[in-house]
């Protein structure tokens, strides 16, 4: 049970900048990266920040107080046609209500099809537990390939084309050795344009939880 919850938090990680989702925000109207080149996007990306929901994504078992995830990195391996895999790993800490906690590395694998032009992009999450086979609407909103990338995902699209409340996710990615160039105001601008729920949380980078085969 705990492992399933850990995988859920790693695959949808749920300075504080509160932003409420606006009324009607049709996903197809969002501006996304033009002339997206999948092969150029391949490589190792670190999670620099993400939006934390104002309401929990899932209800925790009574004995678990909280789950936190840090040092998340993803290895994108994409072909010319945009098909490929995403391997993600991160350090997960589970805090129990009795005061005990444990920390370990957890891995999540995805298969993906990131189309040229980046619309639409769909990621098929291949994990165990309750999220096995979940289909996610996803877009690369903006990237310079060498420094930063802004990624948007929606776990449940409503009939009106907007994302369901608390089912939208913003992921700010950065390269390992690059100088991160996005400012706080730029990130807030992305959240407003994408009608992102919740608040923005910075995520630390570090050498913890390396990929077992040392691929980068």
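Numbering (this note's numbering), first residue to last: 31 to 246. Positions of the beta carbon are idealized from the N, C-alpha and C atoms, including for glycine. Given the structure is predicted, the values throughout are model-derived calculations rather than measurements.
Residues that residue i bridges to, as DSSP identifies them
i	result
residue 81	230
residue 169	182
residue 98	123
residue 65	Looking at the DSSP assignment, residue 65 forms no beta bridge with any residue, so it has no partner.
residue 187	193
residue 130	Partner(s): none; residue 130 has no beta bridge.
residue 73	106
residue 202	79, 180
Simplified DSSP assignment, three categories, for residue i
i	result
residue 112	coil
residue 174	coil
residue 197	coil
residue 223	helix
residue 218	helix
residue 241	coil
Anticipated Cβ contact below 8 Å, residue i with residue j, distance rounded
i	j	result
residue 217	residue 80	With 8 Å as the limit, residue 217 and residue 80 do not qualify as a contact, their Cβ atoms being about 11 Å apart.
residue 75	residue 200	That belief does not hold up - the Cβ atoms of residue 75 and residue 200 are roughly 14 Å apart, past 8 Å.
residue 220	residue 105	Not really, about 24 Å apart at Cβ, beyond 8 Å.
residue 287	residue 169	For residue 287 there is no data in the structure shown, the boundaries of the chain being 31 and 246.
residue 82	residue 228	5 Å
residue 177	residue 205	6 Å
Neighbourhood of residue i by C-beta, 7 Å cutoff - its chain only, sequence neighbours within 5 removed
i	result
residue 70	175
residue 107	72, 114, 115
residue 256	With the chain running from 31 to 246 in the structure shown, residue 256 is simply not present.
Contacting residues, own chain, Cβ-Cβ under 6 Å from residue i (five flanking each side not counted)
i	result
residue 234	100
residue 236	101
residue 137	119
Chain C contact for residue i (CB, 8 Å cutoff)
i	result
residue 104	The structure shown contains no chain C; it holds only a single protein chain.
Cut-off 8 Å between Cβ atoms - residues of its own chain near residue i, not counting five sequence neighbours on either side
i	result
residue 95	125, 126, 127
residue 135	119, 120, 121, 122, 238, 239
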